[in-house]
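K.L.:
My questions will all concern the structure given below.
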Amino acid sequence: MATEEQMDERKIPLLTPYKLGKFELSHRVVLAPLTRQRSYDNIPQPHAILYYTQRTTKGGFLISEATGISDTASGYTHTPDIWTKEQIEAWKPIVDAVHAKGGIFFCQIWHTGRVSNTSFQPNGQAPISSSHKVLTGEQYTPPRKLSLEEIPLVVNDFKVAARNAIEAGFDGVEIHGAHGYLVDQFLKDEVNDRTDKYGGSLENRCRFALEVVEAVASEIGADRVGIRLSPFADFMQSSDSNPKALGLYMAEALNEYKILYCHMVEPRMTSYEEKVECLHHSLVPMRKAFKGSFMCAGWYDMEDGNKAVTENMADLVAYGRLFLANPDLPKRFELNAPLNKYDRETFYTPHPVHGYTDYPFLETSTDLKDGKCT
Ligand SMILES: Cc1cc2nc3c(=O)[nH]c(=O)nc-3n(C[C@H](O)[C@H](O)[C@H](O)COP(=O)(O)O)c2cc1C
229 MATEEQMDER KIPLLTPYKL GKFELSHRVV LAPLTRQRSY DNIPQPHAIL YYTQRTTKGG
289 FLISEATGIS DTASGYTHTP DIWTKEQIEA WKPIVDAVHA KGGIFFCQIW HTGRVSNTSF
349 QPNGQAPISS SHKVLTGEQY TPPRKLSLEE IPLVVNDFKV AARNAIEAGF DGVEIHGAHG
409 YLVDQFLKDE VNDRTDKYGG SLENRCRFAL EVVEAVASEI GADRVGIRLS PFADFMQSSD
469 SNPKALGLYM AEALNEYKIL YCHMVEPRMT SYEEKVECLH HSLVPMRKAF KGSFMCAGWY
529 DMEDGNKAVT ENMADLVAYG RLFLANPDLP KRFELNAPLN KYDRETFYTP HPVHGYTDYP
589 FLETSTDLKD GKCT
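What the sequence shown shows, in my numbering, is residues 229 to 602, in sequence order.
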């Protein structure tokens, strides 16, 4: 008989429990935030109940798809929002269903900033950003730089959205500060060319993000707040000339607010087509600097997820595409079972089933008839 110690050694590191603040997680395989564009007219739909509950385990941690905080936040069709009563009500049955299966569910709150165009904006106005810098691409229209007086209003929109998320039943929120959207448009010097207190030095460029953190944490409690950052990424033409310094500055500055977790995207995650081996950069300095829980994401498989946990590079690992295509991902890791392949073509199509809730579970991936595989 194996001793307890030997049993522990055999445990898959990703499947060991973790105490995330007041949340007792039964494992560390997190559902990454995944935009699926199936929330018609920005209203979460009943088919999301099945999608999220398929990916729920008892004590599992889930982050919702990016969810718009205001009427200027949207930049894509059929992404969900959380600023009207109707939207809050529409989220409730989805959140309730995840809770009924024992999941812990955070809402990722989002403003796309300049990654938008006039057709998504009230009265056809220009999208807002940290600067006037235009995002090249024919679907985008030139942004309008936020004035000093307007910035607190956007901070307030994040705060109200966080309160709405709690009203909808979410356990907390993740502030989307990554991937070239509004918060990142302030953080990164490729976009932010302001000369006021929100631009120039690192301290100034990080001010908006930290004001959002402070406002959200004071509204719903720091123990319910996470933030996602991608200092090394250049999605949406948002690179930084010194990403390591930026990541470190944020990791250290966040400590003051005592938020629950910091979620960072790996430097190797520069494209969805190819995993870039990144020898010069890693998240280790940020992991060490940040005193709360640390989550990583970007091109993780089971093996390097286990390694990240074993080597204390992260407490939690978020899985995007693998979780999208494998609703029972933690179970597959447990059994070291083969994985379904994801279908890129249906990532963002509006169909309520195809490429959304029809990825097979292990039990159904082989058709058992009369005890035989057919
Ligand atoms: C279909 C799709 C939608 C995504 N939507 C979001 C999103 O809403 N918010 C976000 O922060 N990241 C989003 N991402 C990025 C993922 O959360 C994740 O960081 C990325 O896919 C890398 O992880 P992976 O290699 O495990 O897929 C999306 C990625 C994909 C493939």
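A virtual CB, placed ideally from N, CA and C, is assigned to each residue, including glycine.
Note that this is a predicted model, so its numbers are computed, not measured.
Flag this pair as yes or no: are the beta carbons of PHE589 and ILE240 separated by less than 8 Å?
P.N.:
no
K.L.:
Could you please give me the residues that DSSP links to GLY454 through a beta bridge?
P.N.:
GLU402 and TYR489
K.L.:
Tell whether a beta-carbon distance below 8 Å holds between GLY454 and GLY408.
P.N.:
With contacts defined as CB atoms closer than 8 Å, GLY454 and GLY408 fail to qualify as a contacting pair.
K.L.:
Considering just the uninterrupted stretch of the beta strand (DSSP E) at TRP338, what are its terminal residues?
P.N.:
332 to 338
K.L.:
Using CA atoms only, rank isn't needed, just tell me which of GLU573, SER521, PRO471 and CYS506 is closest to TRP527.
P.N.:
CYS506
K.L.:
Taking all protein chains shown into account, do 16 or more other C-beta atoms lie within 10 angstroms of the C-beta of ARG572, making it buried, or fewer, making it exposed?
P.N.:
Exposed.
K.L.:
Out of HIS275, PHE289, TYR304 and ASP299, point me to the one whose CA is closest to TYR576's CA.
P.N.:
Closest option to TYR576, judged by alpha-carbon separation, among HIS275, PHE289, TYR304 and ASP299: TYR304.
K.L.:
Is the beta carbon of ALA390 closer than 8 Å to that of ILE322?
P.N.:
Contact check for ILE322 against ALA390 fails: the beta carbons are separated by 8 Å or more.
K.L.:
How many whole angstroms separate the CB atoms of LEU457 and MET492, which I take to be in contact at a CB cut-off of 8 Å?
P.N.:
5 Å
K.L.:
From this set, VAL258, LEU410 and GLU480, which residue's C-alpha is nearest ARG372's C-alpha?
P.N.:
LEU410
K.L.:
Evaluate contact between the segment 317 to 332 and the segment 279 to 286, counting only Cβ atoms and requiring at least three cross-stretch pairs below 8 Å.
P.N.:
As far as the Cβ criterion goes, the segment 317 to 332 touches the segment 279 to 286, which means the pair count is three or higher.
K.L.:
Start and end of the alpha helix (DSSP H) containing CYS434?
P.N.:
430 to 448
K.L.:
Grab me the residues of LEU474's own chain with a C-beta within less than 8 Å of its C-beta, minus the 5 sequence neighbours each way, in chain order.
P.N.:
LEU415, LYS416, LEU430, ARG433, CYS434, PRO459 and ASP468
K.L.:
Taking Cβ to Cβ, would you say ASP421 is nearer than 8 Å to LYS361?
P.N.:
Cβ distance < 8 Å, so ASP421 and LYS361 count as in contact.
K.L.:
Tell whether a beta-carbon distance below 8 Å holds between THR585 and GLN265.
P.N.:
no
K.L.:
Classify PRO532 as helix, strand or coil using the three-state DSSP reduction.
P.N.:
Per the sequence shown, residue 532 should be read as Asp rather than Pro. Helix.
K.L.:
What residue from GLU317, ILE316, GLU293 and LYS313 has the CA that sits closest to HIS306's CA?
P.N.:
GLU293
K.L.:
Is it right to say ALA461 is buried, meaning 16 or more other beta carbons lie within 10 angstroms of its own, or is it exposed?
P.N.:
When all chains shown are included, ALA461 counts as buried.
K.L.:
Determine the burial state of ASP269: buried for a count of at least 16 other Cβ atoms within 10 Å of its Cβ, exposed for fewer.
P.N.:
ASP269 is exposed by the Cβ-count criterion.
K.L.:
By DSSP's criteria, PHE251 is part of a beta bridge. Which residues make up the other side?
P.N.:
LEU248
K.L.:
Count the other CB atoms within 10 Å of the CB of GLY352; is the residue buried (16 or more) or exposed (fewer)?
P.N.:
exposed
K.L.:
Assign GLY341 to buried or exposed, taking buried as 16 or more other Cβ atoms, counted over all protein chains shown, within 10 Å of its Cβ.
P.N.:
Burial call: buried.
K.L.:
What does a CB cutoff of less than 6 Å around GLU480 pick up in its chain, not counting 5 residues either side in sequence?
P.N.:
Non-local C-beta neighbours of GLU480 in its own chain, meaning closer than 6 Å and more than five positions away in sequence, comprise ALA517, ordered along the chain.
K.L.:
Below 8 Å CB to CB, which residues in the same chain sit around SER593 once its five sequence neighbours on both sides are set aside?
P.N.:
Note on SER593: pLDDT 47, under 50, position unreliable in the model; the coordinate value appears next. Correct list, in chain order: ASN568.
K.L.:
When burial is assigned at 16 or more other CB atoms within 10 Å of the CB, is ALA437 buried or exposed?
P.N.:
Its Cβ being crowded by 16 or more others within 10 Å, ALA437 is buried.
K.L.:
Checking 8 Å against the spacing of the C-beta atoms, do SER466 and VAL504 come in under that value?
P.N.:
no
K.L.:
Hey, would you say TYR547 sits closer than 8 Å to ALA260, going by beta carbons?
P.N.:
yes
K.L.:
Under the criterion of a Cβ to heavy atom distance below 7 Å, does PHE575 qualify as lining ligand 1?
P.N.:
yes
K.L.:
Buried or exposed: where does TYR500 fall if 16 or more other Cβ atoms within 10 Å of its Cβ makes it buried?
P.N.:
Around the beta carbon of TYR500, fewer than 16 other beta carbons lie within 10 angstroms, which makes this residue exposed.
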